[in-house]
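Chains as they are written, first to last, in my numbering: chain A, 13 to 279; chain B, 403 to 489.
What follows is the structure, given as structure tokens:
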């Protein structure tokens, strides 16, 4: 088995996780910027975090033979403070040329507030001005449907944005069709308690599409499973999926999307 | 997959989860005090399970979701509780 982990917050995982992922066939890991579990007190905290994502973490992954890529932003959970978000977004361009940076993400909404919307629009403008790929976080639980609709409206209203260069992550049964019908890529996040179980993810693949879709573990400091993607591949196998189709969903699909950034290259 | 294969692979897991839901509702009934809006949302969502129509998972998710489109004035916090509370 070979697979790409297109969304993993490896700064909060152990070296054992790196070993397990590589052993299971992981060929690359991509790490979006996210909330640390606490609000950073200044723009300097983000500077250090972006250095970690673009310098230290790729070196840690390389010790296990795993290519590491990253996405940069201020996460929507910290977007209520527009002044801080403005400073952080101003910091990002100087990191965009770093060799492992794929684009802007994971941007989006959390509680669907006006300030979150403002910061989302600022990120989208940043991505458009610098011709970057976009990775979007959709809100949790009861806020997901509304947030997904608002995010799609923001992206569609900016004519510089090409849907095929954006992935809308954390889709579930009530949002996947909205995303795919609008021409965007969809990400399914495999969590033990929220988002998608492996069985539901494979149901959605059966019901909706094998195209413009990927799966990720979004493993972080919370309840999450770094091997969720290969475990879901086993779920596909149990259902009799052909090996080539499994390979397409867990390996070739993410490569197809991520290769739109010329910096995404596998050894 | 045939219907028989689906049952063979998933029946025990679904049975287990169904009993957990039943035990949760019993636990809620045995407890004292008022319930908040989440219990009513849960009972509404349960009705979709008995419907003989496709896309039950989607309808359950929709029943827990905020159906509005206007951004709120300010984020009240960072977390979500799993069910939308109409204001």
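Glycine included, every Cβ here is placed at the ideal spot set by N, Cα and C.
Residue of the options minimising C-alpha distance to residue i
i	options	result
residue 273/A	150/A, 162/A, 115/A, 185/A	115/A
residue 157/A	91/A, 79/A, 184/A	184/A
residue 228/A	209/A, 220/A, 219/A	209/A
residue 191/A	149/A, 232/A, 211/A	149/A
residue 161/A	488/B, 486/B, 470/B, 462/B	470/B
residue 22/A	51/A, 176/A, 260/A, 82/A	82/A
residue 98/A	41/A, 137/A, 153/A, 222/A	137/A
residue 339/A	50/A, 164/A, 73/A	Residue 339/A is absent from the model: chain A starts at 13 and stops at 279.
residue 196/A	179/A, 207/A, 189/A, 203/A	179/A
residue 477/B	151/A, 52/A, 30/A	151/A
residue 43/A	135/A, 214/A, 37/A, 118/A	118/A
residue 84/A	110/A, 28/A, 177/A	110/A
Buried or exposed by the 16-neighbour rule on C-beta atoms within 10 Å, applied to residue i
i	result
residue 465/B	buried
residue 169/A	exposed
residue 47/A	buried
residue 408/B	exposed
residue 481/B	exposed
residue 240/A	buried
residue 63/A	exposed
residue 453/B	exposed
residue 31/A	exposed
residue 144/A	buried
residue 89/A	buried
Test: residue i CB closer than 9 angstroms to a CB of chain A
i	result
residue 449/B	no
residue 415/B	yes
residue 409/B	no
residue 480/B	yes
residue 454/B	no
residue 418/B	no
Nonlocal neighbours in the same chain, by C-beta distance under 7 angstroms from residue i, ignoring five residues either side
i	result
residue 142/A	105, 108
residue 484/B	440, 466
residue 205/A	235
residue 130/A	94
Chain B contact for residue i (CB, 9 angstroms cutoff)
i	result
residue 222/A	no
residue 181/A	no
residue 168/A	no
residue 259/A	no
residue 57/A	no
residue 33/A	no
residue 123/A	yes
residue 204/A	no
residue 14/A	no
residue 151/A	yes
residue 134/A	no
residue 194/A	no
residue 230/A	no
residue 19/A	no
Spatial neighbours of residue i in its chain, beta-carbon cut-off 8 angstroms, leaving aside the 5 residues before and after
i	result
residue 155/A	121, 122, 123, 124
residue 233/A	21, 24, 49
residue 451/B	458, 462
residue 243/A	202, 210, 237
residue 446/B	465
residue 404/B	none
Contact set for residue i: own chain, Cβ-Cβ below 6 angstroms, skip 5 residues either direction
i	result
residue 35/A	none
residue 100/A	55, 58, 86
residue 226/A	18, 199, 265, 266
Against chain B: residues of the stretch 86-101 of chain A by CB proximity under 7 angstroms: 89, 92
Interface positions of the stretch 420-449 of chain B facing chain A (Cβ-Cβ less than 9 angstroms), listed along the chain: 443
Chain-ordered residues of the stretch 245-257 of chain A with a beta carbon less than 8 angstroms from chain B: 250, 251, 252
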